[in-house]
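Before any comments, here is the structure.
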DNA sequence: CTATTTGACTTAATTAATGAAAGGATTTTA
DNA sequence: TAAAATCCTTTCATTAATTAAGTCAAATAG
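Chains as they are written, first to last, in my numbering: chain A, 51 to 186; chain B, 51 to 186.
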């Protein structure tokens with residue numbers, strides 16, 4: 051279903067999703083129009099889910115990047131899930147996992163103080179293990 | 051340094067990084083040119099690190115999405131890091147962390163068999179805890 | 001085996017967006 | 001008060017995207 055040209059298109063768009071269709075076409079040896087048609091197909095088939103940006107969290111004021119493994123206290127996860135929804139700017143992803151814990155939280159905080167406050171509030175609903183990202 | 055308009059621009063670009071500068075301007079009540087100038091500044095200051103796409107890993111042939119906590123066996127991490135570099139398509143991010151383990155691997159595999167082969171090879175360099183993503 | 005359909009691409013023409021230059025308005029700085 | 005800087009707008013030339021029409025080769029049907 052996806053041929054080599056499609057894969058190269060996905061690679062180029064992963065590196066720079068704002069590239070013009072003309073440039074993209076040149077890179078994969080197609081006209082801009084042909085490249086554009088392929089991209090539309092990749093969108094419609096759901097392979098490309100969206101176009102987004104990579105942000106420097108530190109420069110945005112989020113000095114701390116962390117993963118938190120969640121162990122919910124009760125079998126009912128709703129209180130935890132509602133809590134997470136209320137913590138908007140801090141939460142990047144809440145992965146439901148199998149393995150150790152029930153969820154893996156990818157998140158960010160402006161300061162140790164904000165992280166600490168978050169953990170105190172989190173502890174109302176769940177136990178956790180904290181992993182702070184040092185690099186990459 | 052970043053005002054409300056900048057934040058709205060980042061929000062819009064996070065939702066759709068291929069939006070035209072004209073449309074982006076309309077959304078934040080600026081002309082296309084003014085919006086474009088702000089975006090250039092956000093790029094130059096390093097707040098925007100790049101433009102990329104969200105891919106459906108399943109439709110790309112990667113049915114399994116996982117996080118693996120790594121416990122390196124020796125104090126020398128080089129063998130592990132070299133191994134990771136050799137596993138190109140499977141590895142999405144290798145986060146160096148403080149907390150439980152030395153690294154947190156975000157990765158994907160086409161099948162349980164590929165995952166199993168990877169884990170066997172990984173075990174030459176490190177112990178691990180596997181968390182498979184079920185949702186989101 | 002030939003005719004038709006289909007898919008992927010190109011070319012051409014129109015429409016729209018980008019980029020560069022000039023200038024206005026407001027705030028900062030001296 | 002004057003000069004400089006910042007942020008924005010307008011205009012226009014350049015460049016890209018979009019739409020429509022048409023080519024070509026491979027697959028499919030009669």
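Even for Gly, the Cβ is constructed at its ideal location relative to N, Cα and C.
Helix, strand or coil: how does DSSP classify residue i here?
i, result
"residue 89/B", "helix"
"residue 122/B", "strand"
"residue 144/B", "strand"
"residue 186/A", "coil"
"residue 138/B", "helix"
"residue 155/A", "strand"
Interface residues of chain B around residue i at Cβ under 9 angstroms?
i, result
"residue 136/A", "Near residue 136/A there are no residues of chain B at all, since even the closest Cβ is about 17 angstroms away, more than 9 angstroms."
"residue 67/A", "67, 68, 100, 101, 102, 103"
"residue 60/A", "103, 105, 110"
With a 10 Å radius around its C-beta and 16 neighbouring C-beta atoms as the bar for buried, classify residue i as buried or exposed.
i, result
"residue 111/B", "exposed"
"residue 97/B", "buried"
"residue 81/A", "exposed"
"residue 70/B", "exposed"
How about residue i and residue j: do their beta carbons lie closer than 8 angstroms?
i, j, result
"residue 179/B", "residue 156/A", "no"
"residue 133/A", "residue 79/A", "no"
"residue 114/B", "residue 66/B", "no"
"residue 88/B", "residue 68/A", "no"
"residue 184/A", "residue 148/B", "yes"
For residue i, go through chain B and note every residue whose CB falls closer than 7 angstroms to its CB, in chain order.
i, result
"residue 110/A", "97"
"residue 150/A", "179, 181"
"residue 64/A", "102, 103"
Start and end of the alpha helix (DSSP H) containing residue i?
i, result
"residue 75/A", "71-77"
"residue 58/A", "54-65"
"residue 163/B", "162-172"
For a contact defined as C-beta to C-beta under 8 angstroms, what are the partners of residue i on chain A?
i, result
"residue 55/B", "In chain order: nothing, as chain A lies at least about 15 angstroms away."
Which chain A residues sit within Cβ distance under 9 angstroms of residue i?
i, result
"residue 184/B", "145, 146, 147, 148"
Which residues mark the beginning and the end of the beta strand (DSSP E) in which residue i is found?
i, result
"residue 102/B", "98-105"
Using a C-beta to C-beta distance shorter than 7 angstroms, which residues of chain A count as neighbours of residue i?
i, result
"residue 172/B", "Correct list: empty, because the minimum Cβ distance to chain A is about 15 angstroms."
Taking C-beta pairs closer than 8 angstroms, name the residues in chain B that residue i reaches, listed in chain order.
i, result
"residue 189/A", "This structure leaves residue 189/A out entirely; chain A is present only between 51 and 186."
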